[in-house]
Structure formats: structure tokens, C-alpha cells
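Below: one structure, written as C-alpha cells.
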Amino acid sequence: MMVPPLSERPVTEEDEEQFRRETAPRKYTLRRRWADYRAEVKARRPKG
């Protein structure tokens, strides 16, 4: 994928988001899904 030099095109927040998603998708999504899973289990089944 060709990306024009930074001087030719402004970097928007969408670009930043996409870049982050592409550079570390596995780590981020795994951690996020694990956190969501833990929260869901905790909410469904309170300690007791």
C-alpha cells in the first residue's frame, strides 16, 4: 500500500485510529475481549 509523504496529506484522527488498528490489532483486541469477558462474567455472577 502506497502512502504519500506526510507533507502532501494531513493526518486525521481516522488515520491514527486505522494505523493503530493495523499495527497492533491482535494484542489490542485480545486484551479488550478478555477484559469484556471478565466484566461480563463478574456482572452475571457476583462473588458470594
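Under my numbering, the first residue of the sequence shown carries the number -14, and numbering increases by one thereafter.
Glycine is no exception: its CB is placed at the ideal position from the N, C-alpha and C atoms.
| Item | Value |
| --- | --- |
| Length of the line joining the Cα atoms of F4 and A28 | 33 Å |
| Backbone secondary structure at T14 - three-state DSSP | helix |
| For T(-3), three-class secondary structure by DSSP | coil |
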